[in-house]
Each structure stands twice: as C-alpha cells, then as structure tokens.
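Asker: In my numbering, the protein residues as written are 881 to 1249.
Glycine included, each C-beta is placed from N, C-alpha and C at the ideal position.
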C-alpha cells in the first residue's frame, strides 16, 4: 500500500524526524544548517600535565585544553583554552608532561610539542625553542611517557630511550638507557619502568625516597625495586605500583598523605596499602586508584579539590570519589576519568581551564565534559 503525503505534511514530518534524531543520539551539536546530526565520538585515553590536559577519542583524534603559554596544547597558538580543541588525528597514545606533550601515532611515529627548555622535545641541538605544533621525534616506538622536564619512550624492540633533563644535564636527542622494557612512567625528576619479566626498575631523584630502594641516594641508572608488577605511576615525589594479584604498593614523599597509609611519614621502600585494584594514577601530592568493581578512590592533597570528594581537606587514607569508572589519569593538581558509559569527567585545579568545562573555576567534585 502506498501512502501519499502532501508537501506540507512532508516538510513537517522531516522536521520532526530531525528533532527526534537529535534527541535519540549522543551529539556534540545539532546545527539546523547541517543535513545530519553530529555524533559525539567518546574519549578513550586521557592524560594530565601541570595545567593542561590531553585526550584521545575512539577515532584517533587528539584533543587538548588548559595552559598554552609554552605551546603545550599544540594548536599553533599560545592562547589558553578552557574547552577541548582538536589537534590532530591518527594518534594511539598521549602523555602530558609539566608543560610539554607527547603523542604516538599509528605506525609508531613519535611527536612532541610545547616547552623545550631542557630538550624534552628531543628535536636535537639545533632546535631549542618551544614548539606550538607537534614535531616528529622519531619512529618505531610503541610506548611513551612524559616526566616533568624529561621524556621516555620504548621502541618496538623493547629498548628504552630518554631525553630532556637527565641527572641535571640537558639531553637534546633520545638516548638509550636500557632494554626489555614494556611500561614506563615519568615523575618530576624520577622515572619508573617495568620490564617484560615483571621486574620494577627506578632511577633519578630520590630525595623523598621515590626510587624505593631503601635509600635516599640519587640513582642515575635504573635499579631493580621488586618483581611481579603489572602497572606503575609516578607522581611529583612519590611512586605507585600494582602487582599481578591486584595489591597496591606506594612509596616516597608523604607530606600530604599521598601514600594513603594514615600518616605523613616518607617511605623509601614500597609498602602495601590495599588490594583488589585495577588502575592507578599519581598527581603532585595526591593519588588515585580504581578498584576492580569500578569504584574510584583518592587520597592526599586536596587544596584545589583534586580528591573530588566535595571538600578541600587533605585525606591521609583513601576516600571514595564515585563508581562506574573505567579509566583514570591525573595532572599535577587536576584529575580526569572516563566512566563505563564513555563520559569524561574532570575535577580539581582549573586556573587555566585544564578541566575543560568552559570555566576557570576549581571543582571539588567531578564535572562532566
């Protein structure tokens, strides 16, 4: 049976169809001049720097927001942004340093941008200026991590490379420092690495015991800390690691309670503070950890609301932030997390718009971006 609709009814039907489509799908905008709604692609990877944030969408597009004085957003400007702006595409990994950024594209090419005062972009002796667009560093890489003023990357053959401020020296090009690594994390002046056999290694500054070798001596070369680890996170002056059995281990500076053991005493060797964890993230003076059931916990410094518990009081033991989380990341004083419904949430310090909520107001509870 054919149904005949006159021109007036047809236009009305089309209008209602457009409104219904805009209501039923998850959209980032619904421009009446567009023929189809704009479907929002969810974020899947997140990273936080000192005052800027990075995120990858499922389609490989890279987005950035926050402080941009040094070009750390990579959008070819030096203007701060308090909302996400797209930088590029075909990215697989990202890592935000103090004021520089790293990105790994499909095919293994490594890109860097932002501050280059200490050679942390790895572009060689002839380039010492800051860069406000991504610059290619090298190729054949599979894992990246940005410290405060240094950068780390693992090649496909498992060799570990570093550049930037290393042992008080400016290193302008990637330098090999080890082999058989599978994971890395960069702190303020220290670094962590996991080898393929599950052994944990650390090196760099150790003034707060963040190396975890039972001393406070600087280690210029990687030293083994333990074994049986699967995940690592480096804060400003403290470290975190997960073992294969889900137990959480912490060590280093503890002046804000970032170790979560109920004290403010520094620890120069790993100690267990809980179990049944699946992910970890370390900030400047605070820590985040995700339980296997999706419950998010936070502890430590909270003056900017970075614990997300609705207060601005430091916590010496873990407190619950919320539930149904699956991915977490921390900047120095801000936090990012993705829920199981693929929504992105941020909280904490927001002076430069690093929360991405189109304001510059600190948030002590998570806000949806």
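Just verifying my parser: in three-state terms, what is the DSSP assignment at residue 1057?
Answerer: In the chain shown, residue 1057 corresponds to position 177, counting from 1. Of the three classes helix, strand and coil, the one that applies to residue 1057 here is strand, per DSSP.
Asker: Determine the extent of the beta strand (DSSP E) in which residue 1159 is found, giving its start and end residues.
Answerer: Numbered from 1 along the chain shown, position 279 holds the residue referred to as residue 1159. Start and end: 1157-1162.
Asker: Just to confirm my understanding: we take residue 915, look at its own chain, exclude 5 residues before and 5 after, and list those with CB closer than 7 Å. What are they?
Answerer: Position 35 of the chain shown, counting from 1, holds the residue named residue 915. Reliability of the predicted coordinates at residue 915 is poor, the pLDDT of 38 falling under 50, and no value is obtained from them.
Asker: Going residue by residue through the region 1165-1233, where are the continuous beta strand (DSSP E) segments of at least 3 residues, counting only ones entirely within it?
Answerer: 1166-1171, 1176-1180, 1195-1202, 1205-1210, 1214-1219 and 1224-1228
Asker: Does the Cβ-Cβ distance between residue 1226 and residue 1235 come in under 7 Å?
Answerer: Sequence index remark: in the chain shown, residue 1226 carries index 346 (1-based). Sequence index remark: in the chain shown, residue 1235 carries index 355 (1-based). Closer than 7 Å, so yes.
Asker: Looking only at C-alpha atoms, which of 1218, 1201, 1233 and 1144 sits nearest to residue 1248?
Answerer: Position 368 of the chain shown, counted from the start, is the residue given in the question as residue 1248. For residue 1248, the nearest C-alpha among the options comes from 1218.
Asker: Can you give me the Cβ contacts of residue 965 inside the same chain, cut-off strictly under 8 Å, excluding the 5 residues immediately before and after it?
Answerer: For the purposes of this step, residue 965 is taken as residue 85 along the chain shown, with counting starting at 1. Cβ within range, chain order: 943, 944, 945, 953 and 955.
Asker: For residue 1101, which of helix, strand or coil comes out of DSSP?
Answerer: What you label residue 1101 is simply residue 221 of the chain shown in a count that begins at 1. The answer is strand: DSSP assigns residue 1101 an E or B state.
Asker: Applying the 10 Å Cβ sphere with the 16-neighbour rule, what's the burial state of residue 1037?
Answerer: On the chain shown, position 157 is the one that residue 1037 refers to. So residue 1037 counts as exposed.
Asker: Got a sec? Which residues, its chain only, sit under 6 Å from residue 972 by beta carbon, not counting five neighbours each side?
Answerer: Numbered from its first residue, the chain shown carries residue 972 at position 92. Same-chain partners within the cutoff: 984 and 986.
Asker: Hey, out of 1002, 1027, 1195 and 1007, whose CA is closest to residue 1019's CA?
Answerer: Residue 1019 sits at position 139 when you count from the first residue of the chain shown. Residue 1002 is the option with its Cα nearest to residue 1019.
Asker: Identify, in the order they occur along the chain, each residue of the same chain with its Cβ nearer than 7 Å to the Cβ of residue 1141, setting aside the five sequence neighbours on each side.
Answerer: One-based indexing of the chain shown puts residue 1141 at position 261. Short of 7 Å from the beta carbon of residue 1141, and not among the five residues preceding or following it, lie these beta carbons of its own chain, in chain order: 1151 and 1153.
Asker: Considering only DSSP beta bridges, list what residue 986 is partnered with.
Answerer: Here residue 986 corresponds to residue number 106 of the chain shown, with the count starting at 1. Per DSSP, none; premise fails for residue 986.
Asker: In this structure, how does DSSP classify residue 1018 when only helix, strand and coil are distinguished?
Answerer: The residue given as residue 1018 occupies position 138 in the chain shown. Residue state, collapsed to three classes: strand.
Asker: How is residue 1003 classed by DSSP in three states: helix, strand or coil?
Answerer: Walking along the chain shown from the start, residue 1003 turns up at place 123. Of the three classes helix, strand and coil, the one that applies to residue 1003 here is coil, per DSSP.
Asker: In whole angstroms, what is the alpha-carbon distance linking residue 887 and residue 1221?
Answerer: Here residue 887 refers to the residue found at position 7 of the chain shown. Here residue 1221 refers to the residue found at position 341 of the chain shown. The pLDDT assigned to residue 887 is 36, lower than 50, so where the model puts this residue is not dependable; a value taken from the coordinates is nonetheless given after this. Roughly 41 Å separates the two Cα atoms.
Asker: Taking only three categories from DSSP, how would you classify residue 1043?
Answerer: On the chain shown, position 163 is the one that residue 1043 refers to. Strand, per DSSP.
Asker: May I have the straight-line CA-CA distance separating residue 1126 from residue 997, to the nearest angstrom?
Answerer: As a working note, residue 1126 is residue 246 in the chain shown. As a working note, residue 997 is residue 117 in the chain shown. The straight-line gap from Cα to Cα measures roughly 39 Å.
Asker: Taking the straight line between their C-alpha atoms, what separation do you get for residue 1041 and residue 1033?
Answerer: As a working note, residue 1041 is residue 161 in the chain shown. As a working note, residue 1033 is residue 153 in the chain shown. Those two C-alpha atoms are separated by around 5 Å.
Asker: Looking at the structure shown, is residue 995 part of a helix, part of a strand, or coil, going by DSSP?
Answerer: Residue 995 sits at position 115 when you count from the first residue of the chain shown. Of the three classes helix, strand and coil, the one that applies to residue 995 here is coil, per DSSP.
Asker: What residues match up with residue 1152 in a beta bridge as DSSP calls it?
Answerer: As a working mapping, residue 1152 is identified with position 272 in the chain shown. DSSP output for residue 1152 lists 1129 as bridge partner(s).
Asker: Short of 6 Å in beta carbon distance, which residues of its chain neighbour residue 1283, apart from the five on each side in sequence? Order them along the chain.
Answerer: Summary: the structure shown does not reach residue 1283, with the chain confined to residues 881 through 1249, and so no result is reported for it.
Asker: Using 8 Å for Cβ pairs, my map puts residue 1179 next to residue 1137. What's the rounded Cβ distance?
Answerer: Reading the chain shown from its first residue, position 299 is the one you call residue 1179. Reading the chain shown from its first residue, position 257 is the one you call residue 1137. With a Cβ gap of about 6 Å, residue 1179 and residue 1137 count as contacting.
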